[in-house]
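Residue numbers (UniProt numbering): 1 to 283.
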């Protein structure tokens with residue numbers, strides 16, 4: 001009888017411990033680093049380049065003067081830092097964004113495109129000037145060609161589609177992008193496009209890029225490891241196809257960041273904020 005009681009108590013204790021571990025794992029919101037390796041024959045076999053992708057900061061602050069996120073980025077030793085939109089927010093003061101930009105602008109060249117929340121501020125021109133004041137390269141339906149470690153790279157970027165609704169209601173976003181990149185196919189180098197929205201996969205297939213980097217989905221907010229990659233994402237709805245990860249499309253590699261924002265009112269479940277590290281290697 002005593003042995004059975006002890007056994008029962010042991011089982012209950014173990015179950016409680018497992019439940020605590022499960023809850024802590026589910027609601028863990030510390031920054032993680034996610035690594036992806038991409039092979040391409042457009043880069044020489046002995047060459048490689050490292051891009052750190054950050055999206056959806058929403059002016060959230062990680063430690064004093066953004067030290068936690070800045071130090072993690074520095075440790076990755078990136079060749080390029082790509083900011084795929086919603087780094088600033090329409091409801092949160094921009095101070096967190098400024099601290100972040102001040103901390104990363106001397107690590108590596110930084111390229112940025114707007115997300116929908118920057119457009120929603122109705123002060124997108126001011127926000128772009130803030131980024132430029134920290135020597136961030138703001139891409140507005142254009143591109144820059146850079147040579148890093150002997151690798152020719154074309155970094156292109158587009159404004160979030162909502163800029164049409166707010167600033168150019170009689171224009172067409174797709175047509176503007178086609179026109180902006182009509183001659184980019186003739187430019188040599190591995191071509192990377194920054195575009196906040198992951199759901200526009202078919203449109204990206206019609207453009208001459210080797211890689212597209214996006215955010216916006218916040219990882220689908222809720223994940224169930226090995227079962228559900230995301231529960232809900234903006235503009236994709238429930239069970240989004242492009243919640244986060246690497247997706248090989250018809251003509252390009254699509255990498256979607258789960259973002260680094262954290263809002264305690266809308267907890268991320270099995271979906272911690274992530275810094276994405278992309279190693280593009282020749283083959």
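Yeah, the Cβ is synthetic: ideal placement off N, Cα and C, and Gly gets one too. Note that the structure is a prediction, hence the values are computed from the model and not measured.
Non-local beta-carbon contacts of residue 83 in its own chain, meaning distances under 6 angstroms to residues more than five positions away in sequence, involve 54, 112 in chain order. Fully enclosed beta strand (DSSP E) runs of no fewer than 3 residues occupy 110 to 112 of the stretch 88 to 125, in order along the chain. Under the three-state reduction of DSSP, residue 127 is assigned to helix.
Segment contact: the stretch 235 to 248 against the stretch 99 to 113, fewer than three CB-CB distances shorter than 8 angstroms; contact not assigned. In the assembly as shown, residue 226 is an exposed residue. Its beta-carbon has fewer than 16 other beta-carbons within 10 Å. Annotation note: the stretch 34 to 78 contains the following uninterrupted alpha helix (DSSP H) runs of length 4 or greater, listed N- to C-terminal: 67 to 75.
Annotation: residue 37 to residue 279 spans about 5 angstroms, alpha carbon to alpha carbon. The three-state secondary structure of residue 242, taken from DSSP, is coil. For the pair residue 222 and residue 229, the Cα-to-Cα distance works out to about 8 angstroms. Under the three-state reduction of DSSP output, residue 203 falls in the helix class.
Nearest Cα to residue 127 within the set 154, 155, 92, 145: 92. The Cβ-Cβ distance between residue 61 and residue 76 does not fall below 8 angstroms.
For the set 150, 163, 41, 72, the Cα lying nearest the Cα of residue 34 is the one of 72. For residue 214, the enclosing beta strand (DSSP E) starts and ends at 211 to 214. Residue 177 and residue 104 have their C-alpha atoms roughly 29 angstroms apart. Taken in chain order, the unbroken stretches of alpha helix (DSSP H) that lie wholly in the stretch 130 to 182 and span 4 residues or more are 162 to 167, 173 to 180. Burial is judged here by how many other beta carbons sit within 10 angstroms of a residue's own beta carbon; residue 78 has at least 16 and is buried. For residue 85, the closest alpha carbon among the candidates 70, 282, 120 is that of 120. Judged by beta-carbon spacing, residue 273 lies within the 8 angstroms limit of residue 31, meaning their Cβ atoms are closer than that value. Leaving aside the five residues that flank residue 139 on each side, the residues in its chain whose CB is nearer than 8 angstroms to its CB run, in chain order, 111, 112, 113, 155, 156, 157, 158, 194. Taken through DSSP and simplified to helix, strand or coil, residue 86 comes out as coil. The three-state reading of DSSP puts residue 220 in helix, counting H, G and I together.
Listed as beta-bridge partners of residue 279 by DSSP are 37, 50. Residues of the same chain with a CB within less than 8 angstroms of the CB of residue 94, apart from the 5 flanking positions on each side, are 59, 88, 127, 130 in chain order. Closest in C-alpha terms to residue 49, from the list 150, 266, 165, comes 150.
Taken through DSSP and simplified to helix, strand or coil, residue 81 comes out as strand.
Excluding residues up to 5 positions away in sequence, 99 lie with their Cβ nearer than 6 angstroms to the Cβ of residue 65 in the same chain. Cα atoms of residue 187 and residue 43: separation of roughly 15 angstroms, rounded to the nearest angstrom. Judged by DSSP secondary structure, residue 256 falls within the beta strand (DSSP E) whose first and last residues are 253 to 256.
With respect to the 8 angstroms criterion, residue 244 and residue 56 are not classified as neighbours on the basis of their beta carbons.
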